[in-house]
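Asker: Everything in the sequence shown is counted per the numbering used here, starting at 1 for the first residue and increasing by one.
Glycine is no exception: its CB is placed at the ideal position from the N, C-alpha and C atoms.
Got a structure for you, questions after.
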Amino acid sequence: RIEVAEDLPLTDCYVAPCVTACAIKQDIPEYIRLLGEHRYADALELIYQRNALPAITGHICDHQCQYNCTRLDYDSALNIRELKKVALEKGWDEYKQRWHKPAGSGSRHPVAVIGAGPAGLAAGYFLARAGHPVTLFEREANAGGVVKNIIPQFRIPAELIQHDIDFVAAHGVKFEYGCSPDLTIEQLKNQGFHYVLIATGTDKNSGVKLAGDNQNVWKSLPFLREYNKGTALKLGKHVVVVGAGNTAMDCARAALRVPGVEKATIVYRRSLQEMPAWREEYEEALHDGVEFRFLNNPERFDADGTLTLRVMSLGEPDEKGRRRPVETNETVTLLVDSLITAIGEQQDTEALNAMGVPLDKNGWPDVDHNGETRLTDVFMIGDVQRGPSSIVAAVGTARRATDAILSRENIRSHQNDKYWNNVNPAEIYQRKGDISITLVNSDDRDAFVAQEAARCLECNYVCSKCVDVCPNRANVSIAVPGFQNRFQTLHLDAYCNECGNCAQFCPWNGKPYKDKITVFSLAQDFDNSSNPGFLVEDCRVRVRLNNQSWVLNIDS
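Now the structure itself:
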C-alpha cells in the first residue's frame with residue numbers, strides 16, 4: 001500500500017508519495033516534468049538542490065520513491081532512479097557551464113567533518129554551498145567511504161563515485177587524508193572549528209561465534225575491502241555467507257566473481273519474509289546465481305570443511321515485528337571452503353567515546369532530530385548516528401544537520417520552500433486513463449524520458465483519489481483560491497454511506513469521509529457527526545472545526 005505515514009490534513013492534501021518516501025524529499029515530479037520538456041540542465045539543478053551525490057544515488061539508491069509511486073495503482077512504477085541518471089548524463093555539461101563556485105564569506109564559522117563518506121561529502125557540499133569553510137578529515141587515503149571501499153565496483157563505476165567527490169571539492173571543500181583515528185572533538189575545537197560533524201559510519205563487525213577449528217572465516221567488511229582493492233583472494237570453490245542484509249548480498253555476489261569460486265550460498269536463520277535485504281538486492285543476487293538456505297543457523301565449522309547448520313523454526317515476533325528463530329533438534333551439514341559473516345555492522349562506540357561523543361545508556365550517540373549531540377554545535381550524521389542504512393538516508397541526515405546549522409547562522413534554507421507550478425490539471429488528470437502495456441527500454445534515452453514523463457501523475461498538483469474511488473460521488477474537488485493546492489476536497493455528507501473506499505486508497509493516515517470539510521444537508525446529521533464542516537440554515541451557517549462549533553449570521 002502506498003503510504004505517506006502522516007495524518008491527513010484538512011486542506012492542501014495533494015502530495016507525491018514518491019517525495020514523502022524519499023529521505024531527502026527530492027522534488028521528483030518537478031524534475032521529471034523538466035526532463036520531459038528536454039530541460040536537462042534545469043532538472044539536474046533541481047536535483048542538486050537537495051541531493052549532493054546524484055551520480056552515486058543514481059546507481060545505488062534504495063529508491064523508496066519507486067515503491068511508493070502512485071502509478072502502481074494503474075500499471076507499474078516510474079523508473080525514477082534511472083531518470084536521475086539521465087538528468088546527469090544529458091544535463092551535466094550545460095549545468096557545469098552555468099555553475100559558479102560559491103564565493104564564501106569571511107564571516108561564516110569554519111566547519112570540521114570527520115569522515116568523507118556519503119554523509120560527510122553531503123555535509124561538506126551543503127555547507128560550502130552556503131559559504132562556510134569546510135574541511136573533511138578522513139583516515140583513509142581517499143574519499144567515498146563505504147561507496148568507494150566497501151560496495152563492490154560492479155554495482156557502481158568508480159568514475160561516477162569520483163564525479164561526485166570532485167564536484168564537492170569544486171565547491172571549496174578541503175580534504176585531509178590519512179588523519180589520526182584518535183582525532184577528538186576538543187582538538188578540532190581548539191583548531192578553531194566552530195561546528196563539528198561526525199560521519200564515521202559503521203565499520204565494525206561483530207562476527208559469529210562458531211565451534212570448530214576452521215580458520216577460513218572472513219568478516220564482511222574486511223572481505224569487501226580486499227575485494228575492491230583487487231587483492232588475490234583464495235576462497236576455494238564453495239563460499240557460504242552468513243546473514244541476509246544488503247552487505248550479505250554484496251559478499252555473495254562478490255565471492256562468485258573471485259577466481260576459483262563455483263558456488264556461493266547465503267545462510268539465514270529466518271525465512272525470506274523476514275530477510276532485511278532490499279528486494280532489488282535479493283533479486284540481483286538470485287540473478288547472479290547465489291543460492292539461499294533459509295531457517296538455517298551455523299554452529300560449527302571444522303577444518304575438513306564441514307559446516308554444521310542448525311535447522312530453525314519461527315516463533316513469536318520480536319520487538320521489531322520479525323518472528324524469532326527457534327532451534328529444532330535437526331542439523332544439516334555442508335562442505336564449505338570459506339565462510340563470510342555479514343552480520344552485526346555497528347559503530348565503534350569505544351572510538352566515539354574516546355572522541356568525546358556523549359552516548360546514551362545503550363551505547364548509541366545521544367542526539368536530537370537534527371543529529372545534534374548534547375555538546376552544542378556537534379552533530380552526528382550518516383550511519384554512525386543510528387546504524388546501517390541507505391546512502392540517500394545518510395545524505396538526508398547530513399541535510400537535516402546542515403539545515404540546523406544554517407538556521408543558527410541566519411542563512412536561509414530552501415528546504416521547505418513552497419512554490420506554484422502552473423501546470424494544467426486537466427492534462428495531468430487525463431494521464432490516469434493511459435495504461436502502459438509495453439514499456440520502452442531505458443537504453444533508448446529520449447523515448448524512455450518521453451514515456452516516463454507522460455506516465456507521471458504529478459500527485460503533488462493533482463490527486464483526487466478519494467474523488468475517483470467514491471461510488472456515490474460523496475467527495476468532490478473544487479477550485480478554491482488562496483490555498484497551495486489549486487483544488488480542495490469537499491465531502492458531501494448526504495451522499496456518503498461510509499463504505500471506506502476513500503480511506504483505503506488515500507495515501508495519508510486518515511479517512512477523507514471523516515477528516516475533510518463536510519457539507520451537511522440536515523441539522524440532525526450535523527449534530528450526530530464529529531466531522532469538521534458546515535450546515536447552512538436559513539440566514540445562518542453552523543460551523544464545526546477542531547471540535548468547536550460556531551453559529552455565524554449570513555448578511556443579506
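Does the Cβ-Cβ distance between Thr454 and Arg431 come in under 9 Å?
Answerer: Position 454 of the sequence shown, counted from the start, is the residue given in the question as residue 454. Position 431 of the sequence shown, counted from the start, is the residue given in the question as residue 431. Before going on, a small fix: residue 454 reads as Ala here, not Thr. Taking 9 Å as the Cβ cut-off, Ala454 and Arg431 qualify as a contacting pair.
Asker: Confirm, please, whether the CB-CB distance from Leu339 to Val563 is below 9 Å.
Answerer: Coverage of the chain is limited to positions 1 through 556, which leaves residue 563 absent and any answer about it impossible.
Asker: Using DSSP with H/G/I as helix, E/B as strand and the rest coil, what is Asp7?
Answerer: What you label residue 7 is simply residue 7 of the sequence shown in a count that begins at 1. Residue state, collapsed to three classes: strand.
Asker: Compute the Euclidean distance between the alpha carbons of Gly433 and Pro425, then round it to the nearest angstrom.
Answerer: For this step, residue 433 is matched to residue 433 along the sequence shown. For this step, residue 425 is matched to residue 425 along the sequence shown. The alpha-carbon atoms of Gly433 and Pro425 are separated by roughly 14 Å.
Asker: Evaluate the contact criterion for the segment 214–231 versus the segment 372–390: three or more CB pairs, one atom per stretch, below 8 Å.
Answerer: no
Asker: Check whether the segment 500–519 and the segment 22–29 are in contact - that is, three or more C-beta pairs closer than 8 Å.
Answerer: no
Asker: I'd like to check one pair, Val336 with Thr306: are the Cβ atoms closer than 9 Å?
Answerer: Position 306 of the sequence shown, counted from the first residue, corresponds to residue 306. Position 336 of the sequence shown, counted from the first residue, corresponds to residue 336. Cβ atoms of Thr306 and Val336: closer than 9 Å.
Asker: With DSSP collapsed to three states, give me the class of Ile114.
Answerer: For the purposes of this step, residue 114 is taken as the residue at position 114 of the sequence shown. Secondary structure of Ile114 (DSSP, three-state): strand.
Asker: Quick one: is Lys209 buried, meaning 16 or more other Cβ sit within 10 Å of its Cβ, or exposed?
Answerer: Mapped onto the sequence shown, residue 209 falls at position 209. Lys209 comes out exposed.
Asker: Using DSSP's beta-bridge definition, name the partner residues of Tyr268.
Answerer: As a working mapping, residue 268 is identified with position 268 in the sequence shown. DSSP, once it has assigned bridges, lists Phe294 as partnering Tyr268.
Asker: What does DSSP give as the partner residue(s) for Leu535 in the beta ladder?
Answerer: On the sequence shown, residue 535 is found 535 positions in, with the first residue counted as 1. According to DSSP, Leu535 bridges with Phe520, Arg542.
Asker: For Ile198, which option in Val134, Ala264, Gln49, Leu34 has the closest C-alpha, if you only look at C-alpha atoms?
Answerer: What you label residue 198 is simply residue 198 of the sequence shown in a count that begins at 1. The residue with the shortest Cα to Cα distance from Ile198 is Val134.
Asker: Would you list the residues sitting across from Ser338 in a DSSP beta bridge?
Answerer: Locating residue 338 in the sequence shown gives position 338, counting from the first residue. Its beta-bridge partners are Val239.
Asker: In three-state DSSP terms, what is Asn497?
Answerer: Sequence index remark: in the sequence shown, residue 497 carries index 497 (1-based). The answer is coil: DSSP assigns Asn497 none of H, G, I, E or B.
Asker: Given Glu186, which residues of its chain have a CB within under 8 Å of its CB, disregarding the five upstream and five downstream residues?
Answerer: Here residue 186 corresponds to residue number 186 of the sequence shown, with the count starting at 1. Closer than 8 Å at Cβ, skipping near neighbours: Gly356.
Asker: Do you know how far the Cα of Asp468 is from the Cα of Tyr429?
Answerer: To locate residue 429, count along the sequence shown from 1; it is residue 429. To locate residue 468, count along the sequence shown from 1; it is residue 468. Roughly 11 Å between the two C-alpha positions.
Asker: How do the segment 340–359 and the segment 233–250 stand: do at least 3 beta-carbon pairs fall below 8 Å, yes or no?
Answerer: yes
Asker: Is it a yes or a no for the segment 530–539 touching the segment 29–36, going by three-plus beta-carbon pairs under 8 Å?
Answerer: no
Asker: Hey, quick one: how far does the beta strand (DSSP E) through Val208 stretch, first residue to last?
Answerer: Position 208 of the sequence shown, counted from the first residue, corresponds to residue 208. It is not in any beta strand (DSSP E) - Val208 carries neither H nor E in the DSSP assignment.
Asker: Report yes or no: do three or more beta-carbon pairs, one from the segment 116–125 and one from the segment 162–179, lie closer than 8 Å?
Answerer: yes
Asker: Within 10 angstroms of the Cβ of Lys361, are there 16 or more other Cβ atoms? Answer buried if so, exposed if not.
Answerer: By one-based count along the sequence shown, residue 361 stands at place 361. Exposed, since its Cβ has fewer than 16 Cβ neighbours within 10 Å.
Asker: If we require 3 or more residues per run, which beta strand (DSSP E) segments fall completely within the segment 340–425?
Answerer: If one requires a minimum length of 3 residues, the beta strand (DSSP E) runs lying completely within the segment 340–425 are 378–380, in chain order.
Asker: Distance check for Tyr40 and Lys84, CA to CA, integer angstroms please.
Answerer: Position 84 of the sequence shown, counted from the first residue, corresponds to residue 84. Position 40 of the sequence shown, counted from the first residue, corresponds to residue 40. Roughly 10 Å between the two C-alpha positions.
Asker: Just to confirm, are Ala252 and Ala285 a CB contact at a threshold of 9 Å?
Answerer: Indexing the sequence shown from 1 puts residue 252 at position 252. Indexing the sequence shown from 1 puts residue 285 at position 285. The answer is yes: Cβ separation under 9 Å.
Asker: Excluding five sequence neighbours on each side, which residues of the same chain lie with their C-beta closer than 6 Å to the C-beta of Leu314?
Answerer: Translated into positions along the sequence shown, residue 314 becomes position 314. Only Arg323 meet the Cβ criterion.
Asker: When the Cα of Trp278 is compared with those of Thr438, Thr20, Gln66, which residue comes out closest?
Answerer: By one-based count along the sequence shown, residue 278 stands at place 278. Closest by alpha carbon: Gln66.
Asker: State buried or exposed for Trp560, treating a residue as buried only when at least 16 other CB atoms are found within 10 Å of its CB.
Answerer: This structure gives no information on residue 560, because the portion of the chain shown stretches from 1 to 556.
Asker: Would you mind listing the beta strand (DSSP E) stretches within the segment 61–146 that are 3+ residues and don't spill past its ends, in chain order?
Answerer: Within the segment 61–146, the complete beta strand (DSSP E) runs of at least 3 residues are 111–114, 134–138.
Asker: Is the distance from the Cβ of Glu138 to the Cβ of Phe175 below 9 Å?
Answerer: Position 138 of the sequence shown, counting from 1, holds the residue named residue 138. Position 175 of the sequence shown, counting from 1, holds the residue named residue 175. Contact flag set, yes.
Asker: From Trp420 to Val480, what distance separates their C-alpha atoms?
Answerer: The residue given as residue 420 occupies position 420 in the sequence shown. The residue given as residue 480 occupies position 480 in the sequence shown. Summary for Trp420: the model assigns pLDDT 45, below 50, so the residue's position carries little reliability; its value from the coordinates is reported in the next sentence. Roughly 14 Å between the two C-alpha positions.
Asker: Where does Arg310 fall in DSSP's three states?
Answerer: Residue mapping note: residue 310 aligns to position 310 of the sequence shown, counting from 1. In the structure shown, Arg310 sits in a strand (DSSP, three-state: E or B).
Asker: Pop quiz: Glu262 and Lys237 are said to be a contact at Cβ under 8 Å. What is the actual Cβ separation, rounded to whole angstroms?
Answerer: Along the sequence shown, read from residue 1 onward, the residue named residue 262 stands at position 262. Along the sequence shown, read from residue 1 onward, the residue named residue 237 stands at position 237. That pair is a contact at about 5 Å.
Asker: Looking at C-alpha atoms only, which residue of Tyr495, Ser477, Ser76 is the closest neighbour of Phe487?
Answerer: As a working note, residue 487 is residue 487 in the sequence shown. Residue Ser477 is the option with its Cα nearest to Phe487.
Asker: Relative to the C-alpha of Cys466, which residue among Glu6, Asp7, Ala5, Tyr14 is closest?
Answerer: Your numbering for residue 466 matches position 466 in the sequence shown. Per the Cα distances, Tyr14.
Asker: Since Leu295 and Arg270 should fall inside the 8 Å C-beta cutoff, what is the C-beta to C-beta distance between them, to a whole number of angstroms?
Answerer: Stepping through the sequence shown from its first residue, residue 295 is reached at position 295. Stepping through the sequence shown from its first residue, residue 270 is reached at position 270. Sure, about 7 Å apart at Cβ, within 8 Å.
Asker: Would Leu136 pass as a contact of Ala130 if the rule is Cβ separation under 9 Å?
Answerer: For this step, residue 136 is matched to residue 136 along the sequence shown. For this step, residue 130 is matched to residue 130 along the sequence shown. Cβ distance not < 9 Å, so Leu136 and Ala130 don't count as in contact.
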